[in-house]
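Sequence order for the protein chains is A and S. Each residue of the first sequence is one higher than the last, beginning at 1 in our numbering. Each residue of the second sequence is one higher than the last, beginning at 1001 in our numbering. Built from N, CA and C at the ideal position, the CB exists for glycine as well. This report concerns only the one structure given below.
Number of protein chains: 2
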Amino acid sequence: MNSNSIILTLADLCQYLKEHDNYLVLTHASPDGDTLGSAYALKLGLKKLGKKVQVICPDEIPHKYDYFIDDSECDFIPETVVAVDVADIKLLGDMWQRFEGRIDLNIDHHISNTNYAKRLYLDETASATAESVYEILDELGVEFDRNIANALYTGISTDTGCFKYANVTVRTHEIAAKLYAIGVDAADINRIMFDTKSKSRVKMEMMVLNGAEFHFDDRCMTLAVTLDIQKQTGCSKSDMEGVASMSRSVEGVLVGVAIKETEKNVFKISLRTYDPLDASEICKKLGGGGHKAAAGCTVEGSLKDAKDAILSAIKESLEEIDAGANITK
Amino acid sequence: MNSNSIILTLADLCQYLKEHDNYLVLTHASPDGDTLGSAYALKLGLKKLGKKVQVICPDEIPHKYDYFIDDSECDFIPETVVAVDVADIKLLGDMWQRFEGRIDLNIDHHISNTNYAKRLYLDETASATAESVYEILDELGVEFDRNIANALYTGISTDTGCFKYANVTVRTHEIAAKLYAIGVDAADINRIMFDTKSKSRVKMEMMVLNGAEFHFDDRCMTLAVTLDIQKQTGCSKSDMEGVASMSRSVEGVLVGVAIKETEKNVFKISLRTYDPLDASEICKKLGGGGHKAAAGCTVEGSLKDAKDAILSAIKESLEEIDAGANITK
């Protein structure tokens, strides 16, 4: 793996984008609002500068993003490959081997970026890659329109939980203000992104909550989405997003656990924690990893095996915290 | 009722606030983040100008707002009474008769304001009264601090669903950016306001969703919170907020209905609708009222009576829409 990306400043990056003409823009697999919003805003913006741009997403794009998807014809041979919001080449899913060593430019905001591309523009202080794409297009002198604003707003609002999370800064709100001035359809976008649940999702939530368990003086809540529940409710992969957050949102809960059965006897565990618990430390014990507040791991065996394994790892961390609290008393 | 308030500009208002010294600030009953955030930001700001200020809330203030409540001693006799975010004198709850004809100044953002005060500063383009209070304190030259920022941010974020709703404007985000620059504890505030449910609330949601009903080709969802459910789950008045929004968030649902039993055989019905349905028109048929997207009414009788009454009113509106759709075909 190339771990020696040339690190670009905003000025370097804009110079590079001006000097090239035919782009292939890649998003990460299991696409979210930020990778898609960033990719299509970049496409729409660069097209205004007379460039040719194709976007490729390794997976099917969910229809909820239709309002900013620009599939205009692209009968050209791309010369420059740009990955946006892709922290690691492996996040290209099935396509990663095809593009290994061939990414010319990577625009990202993940501190965990693995420097796999030839050139890297990384702003880890940006709440979303879309925040950086706004600044890039602005620096390039692109005339913003509502489509671009909608794509950028989608990236920013989805990566910040609609301005709710700790990654929001002065700049995030300043850019949002600019997007409103352009006429972004923010309320409609937020309705689609945050306030629309499928009936399958509602049924799934009910079944999952019916089986909720509390542990360790109610500081831990576990929710399990078994294959059986998925089958009974007909819920899709995207219907299952955010189950771990559901559990963390209960008063007093420090660690929310979602256990999703991905195939018979394989359980993907997602953890969401609040200070001082470290989700990443807990998941590392089971071969996983992630961030301090959100991490994951995979356990094989029965649902009971998966639950026992993660609860045992959580118990250790809680005991360390309790011991620490005693010392400082 | 005095329906001839003197309408103040921002400059008039600031002049008035400078010229007076001892304030009593009133919030509305069943206080929310905006009325409390606006009142305490005004108190904290005016104190910095050497004024004396007491805040009175007609109801007990929920503990979740503790972080900006300033109960510093107030051994003085207030001379000037200011109501903030109070659209109608009746919204002072048990206190309204005590203050009728005695409100010197009203600062509000509700288009439905009934002009009950001697002087009115009304900015119906503000997403929250707190947005106006920010501008007032800024105009008065108050040096903002983190406490003031926290109070103002709480008002703005709670009245906009954390920047999610259609009432957000360029200015809302510009002010949010300023509050971030002051050091507002936004992520912590948002966690308390949006991501913390009591266990009673979670239990209540499960029971209510278990009894969910769909009507009119799934365009209407009804959720009932009976006294029995309230008793079984131990949920409080504030635990029951937002049940109507829960139903409207299901895909395809145009009208969400929450039916809350407030006392034996008395049902408070809350409607949340999407275009083209008009919640206010529907509730008017049952003696209620409100806004286009959110309205309410009260029905006496059995739960079945309440449900039949509101469903019949909704049916009429849906039939009108369907007929209109046929005409335009």
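Extent of the continuous alpha helix (DSSP H) run through residue i
i: residue 1025 of chain S; result: Where residue 1025 of chain S is concerned, there is no enclosing alpha helix (DSSP H), although the beta strand (DSSP E) it sits in stretches over 1022–1026.
i: residue 204 of chain A; result: 199–210
i: residue 283 of chain A; result: 279–284
i: residue 1135 of chain S; result: 1129–1139
i: residue 1014 of chain S; result: 1010–1019
i: residue 332 of chain A; result: Absent from the model: residue 332 of chain A. The displayed extent of chain A is 1 to 329, so no value can be given.
i: residue 157 of chain A; result: 146–159
i: residue 1077 of chain S; result: Note, residue 1077 of chain S: premise wrong, no alpha helix (DSSP H); not H, not E.
i: residue 98 of chain A; result: 96–99
Segment limits, beta strand (DSSP E) that includes residue i
i: residue 1052 of chain S; result: 1052–1056
i: residue 1225 of chain S; result: 1220–1225
i: residue 173 of chain A; result: Run containing residue 173 of chain A: none in the beta strand (DSSP E); it sits in the alpha helix (DSSP H), 170–182.
Check: residue i C-beta below 8 Å from any heavy atom of the ligand NAP
i: residue 52 of chain A; result: This structure lacks the ligand NAP, and indeed carries no ligand of any kind.
Residue(s) in a DSSP beta bridge with residue i
i: residue 107 of chain A; result: A:84, A:121
i: residue 321 of chain A; result: For residue 321 of chain A, which the question treats as bridged, DSSP gives no partner whatsoever.
i: residue 1267 of chain S; result: S:1261, S:1299
i: residue 215 of chain A; result: A:220
i: residue 1272 of chain S; result: S:1256, S:1294
i: residue 1289 of chain S; result: S:1296
i: residue 250 of chain A; result: S:1197
i: residue 1007 of chain S; result: S:1120
Among the options, nearest to residue i - alpha-carbon criterion
i: residue 294 of chain A; options: A:76, A:165, A:194; result: A:165
i: residue 23 of chain A; options: A:291, A:105, A:307, A:270; result: A:105
i: residue 102 of chain A; options: A:159, A:119, A:206; result: A:119
i: residue 1078 of chain S; options: S:1025, S:1110, S:1095, S:1049; result: S:1025
i: residue 44 of chain A; options: A:144, A:160, A:271; result: A:144
i: residue 1047 of chain S; options: S:1034, S:1018, S:1030; result: S:1018
i: residue 1038 of chain S; options: S:1073, S:1088, S:1149, S:1052; result: S:1149
i: residue 1313 of chain S; options: S:1216, S:1093, S:1229, S:1203; result: S:1216
i: residue 1183 of chain S; options: A:194, A:185, A:170, A:180; result: A:170
i: residue 190 of chain A; options: A:152, A:127, A:199; result: A:152
i: residue 1005 of chain S; options: S:1051, S:1015, S:1088, S:1052; result: S:1088
i: residue 1233 of chain S; options: S:1288, S:1207, S:1244; result: S:1207
i: residue 209 of chain A; options: A:185, A:243, A:255, A:200; result: A:243
i: residue 1197 of chain S; options: A:221, A:230, A:147, A:67; result: A:221
i: residue 1214 of chain S; options: S:1256, S:1195, S:1203; result: S:1256
i: residue 11 of chain A; options: A:122, A:93, A:86, A:117; result: A:122
i: residue 1068 of chain S; options: S:1218, S:1096, S:1146; result: S:1146
i: residue 66 of chain A; options: A:296, A:325, A:193; result: A:193
i: residue 1028 of chain S; options: S:1013, S:1252, S:1204, S:1094; result: S:1094
i: residue 1212 of chain S; options: S:1276, S:1296, S:1307, S:1124; result: S:1307
i: residue 1126 of chain S; options: S:1323, S:1107, S:1115; result: S:1107
i: residue 1241 of chain S; options: S:1115, S:1053, S:1310, S:1272; result: S:1272
i: residue 1167 of chain S; options: A:185, A:154, A:160, A:14; result: A:185
i: residue 1260 of chain S; options: S:1310, S:1253, S:1279, S:1291; result: S:1310
i: residue 1321 of chain S; options: S:1021, S:1274, S:1156, S:1100; result: S:1274
i: residue 1096 of chain S; options: S:1057, S:1071, S:1076; result: S:1057
i: residue 1135 of chain S; options: S:1289, S:1013, S:1112; result: S:1013
i: residue 115 of chain A; options: A:8, A:55, A:76, A:154; result: A:8
Anticipated Cβ contact below 8 Å, residue i with residue j, distance rounded
i: residue 41 of chain A; j: residue 130 of chain A; result: 6 Å
i: residue 1032 of chain S; j: residue 1158 of chain S; result: 6 Å
i: residue 249 of chain A; j: residue 258 of chain A; result: Wrong, their Cβ atoms sit about 12 Å apart, outside the cutoff.
i: residue 35 of chain A; j: residue 81 of chain A; result: No, residue 35 of chain A and residue 81 of chain A are not in contact; Cβ-Cβ is about 15 Å, not under 8 Å.
i: residue 1235 of chain S; j: residue 1201 of chain S; result: 6 Å
i: residue 110 of chain A; j: residue 132 of chain A; result: Not quite, the Cβ-Cβ distance comes to about 11 Å (not below 8 Å), so this is no contact.
i: residue 317 of chain A; j: residue 277 of chain A; result: 6 Å
i: residue 336 of chain A; j: residue 254 of chain A; result: Since the first residue of chain A shown is 1 and the last is 329, residue 336 of chain A is not available in this structure.
i: residue 52 of chain A; j: residue 74 of chain A; result: 6 Å
i: residue 156 of chain A; j: residue 128 of chain A; result: 5 Å
i: residue 1296 of chain S; j: residue 1290 of chain S; result: 6 Å
i: residue 1099 of chain S; j: residue 1092 of chain S; result: 6 Å
At a cut of 8 Å, does the region 1225–1234 of chain S reach the region 1279–1286 of chain S through at least three beta carbon pairs? No contact exists between the region 1225–1234 of chain S and the region 1279–1286 of chain S.
Kindly confirm or deny that the region 56–74 of chain A and the region 169–178 of chain A touch, where touching means at least three C-beta pairs closer than 8 Å. Segments in contact, no.
With three or more beta-carbon pairs closer than 8 Å as the criterion, would you say the region 1302–1316 of chain S touches the region 1264–1277 of chain S? By the Cβ criterion, the region 1302–1316 of chain S is in contact with the region 1264–1277 of chain S, since at least three pairs of Cβ atoms, one from each stretch, lie closer than 8 Å.
Hey, is the region 1133–1141 of chain S in contact with the region 135–146 of chain A, meaning 3+ C-beta pairs nearer than 8 Å? Result no; under three Cβ-Cβ pairs closer than 8 Å.
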